[in-house]
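Residue numbers (my numbering): 4 to 255.
Heads up, the beta-carbon is just placed ideally off N, CA and C, and yes, glycines get one too.
Source: prediction; values computed, not measured.
Below is one structure, written out as structure tokens, with a few remarks after it.
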């Protein structure tokens with residue numbers, strides 16, 4: 004958990020380049036996206052996400068490979084930049100809490116990039132979102148969820164919520180676990196990207212600017228399928244299996 008800090012001038016220059024990149028993203032979605040096909044938009048999102056990680060001095064490390072057939076991705080959740088790390092793996096639509104809409108710049112980017120927003124505490128809306136998720140999965144699209152429902156600092160996992168996984172069961176598609184971790188240049192776990200507890204978005208942003216180099220490591224596990232008629236027991240079994248895969252990968 005070492006922390007090698009960059010000089011202030013380099014942090015300032017890096018931060019300015021990242022903010023410019025974010026603003027360019029807003030220009031893409033407002034000017035170019037209306038004329039792009041869905042496939043083209045996803046390619047732009049993939050390239051743009053990889054460029055963002057590079058500007059933060061992140062090295063993207065991928066272990067394993069996604070299945071050929073799209074489905075649902077379930078990952079642990081450490082930081083707001085997890086979303087861009089996952090899109091640097093493959094263009095994927097996320098299910099996110101609706102408060103992300105109000106985040107500066109990032110909220111606008113999310114609204115124009117196939118994000119499904121879930122209203123807090125609304126069971127009726129959750130059922131509607133579940134149907135939309137199942138329809139997208141049946142149409143052959145990648146979706147991603149963070150089944151913990153919140154972030155951690157990366158040193159532990161919260162229990163997984165089975166309700167976020169039910170649409171994959173309804174659609175009859177597999178769920179692929181992805182273990183996400185942040186490391187320094189020496190392979191030690193880094194807490195710098197964590198967006199958890201009382202840490203603000205700006206504090207998390209500045210913390211990542213201070214690192215000389217970080218590695219975001221995505222480890223792709225074995226896809227898990229559950230029969231559509233398995234009921235609540237099947238949903239709980241799916242959540243448990245995915246949780247154990249990710250926990251074992253991250254902490255064993």
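Practice prompt. Please name the residue, chosen from 157, 153, 171, that lies closest to residue 163 on a Cα-to-Cα basis.
Written response: 153
Worksheet item: What's the call for residue 105, buried or exposed, on a 16-neighbour Cβ count within 10 Å?
Response: exposed
Worksheet item: How about the segment 176 to 196 and the segment 213 to 229: do they share at least three Cβ pairs that are nearer than 8 Å?
Response: yes
Worksheet item: Can we say the segment 19 to 29 touches the segment 104 to 122, given the rule of at least three CB pairs closer than 8 Å?
Response: yes
Discussion item. Going by the DSSP bridge assignment, what does residue 120 pair with across the sheet?
Written reply: 99
Item to complete: Measure how close the beta-carbons of residue 181 and residue 76 come, nearest whole angstrom, since I'm counting them as under 8 Å.
Response: 6 Å
Worksheet item: Distance, Cα to Cα, residue 5 vs residue 38?
Response: Residue confidence is low: residue 5 scores 43 on pLDDT, short of 50, so the model does not pin down where it sits. Its coordinate-derived value is still stated next. If I take the Cα positions, the gap works out to 46 Å.
Worksheet entry | Residue from 84, 234, 179, 155 whose Cα sits closest to the Cα of residue 225 | 179
Worksheet entry | residue 5 - DSSP class collapsed to helix/strand/coil | Unreliable placement is indicated for residue 5, whose pLDDT of 43 sits below 50; the coordinate value is still reported in the next sentence. It is coil, neither helix nor strand.
Practice prompt. Report the partner residues of residue 63 according to the DSSP bridge assignment.
Written response: 219
Discussion item. Quick check: residue 147 and residue 95, are their CB atoms within less than 8 Å of each other?
Written reply: yes
Discussion item. Using only the alpha-carbon positions, how far apart do residue 231 and residue 170 sit?
Written reply: 9 Å
Discussion item. Quick check: residue 52 and residue 91, are their CB atoms within less than 8 Å of each other?
Written reply: yes
Worksheet item: To the nearest angstrom, how far is it from the Cα of residue 144 to the Cα of residue 11?
Response: 42 Å
Worksheet item: Residues in its own chain within less than 6 Å of residue 254 by CB, not counting five upstream and five downstream?
Response: none
Worksheet item: Are residue 101 and residue 122 touching if we call contact CB-CB under 8 Å?
Response: yes
Item to complete: Quick one: grab the DSSP three-state call for residue 230.
Response: coil
Worksheet entry | Alpha-carbon to alpha-carbon, residue 66 and residue 158 | 20 Å
Worksheet entry | Whole-angstrom distance between residue 30 and residue 40, CA atom to CA atom | 17 Å
Practice prompt. Give a yes or no on whether the C-beta atoms belonging to residue 69 and residue 172 are separated by under 8 Å.
Written response: no
Item to complete: Return the chain-ordered list of same chain residues with a C-beta closer than 7 Å to the C-beta of residue 229, the five sequence neighbours on each side being excluded.
Response: 172, 237, 240, 241
Discussion item. Taking the beta carbon of residue 183 as the centre, do at least 16 other beta carbons fall within 10 Å, making it buried, or is it exposed?
Written reply: buried
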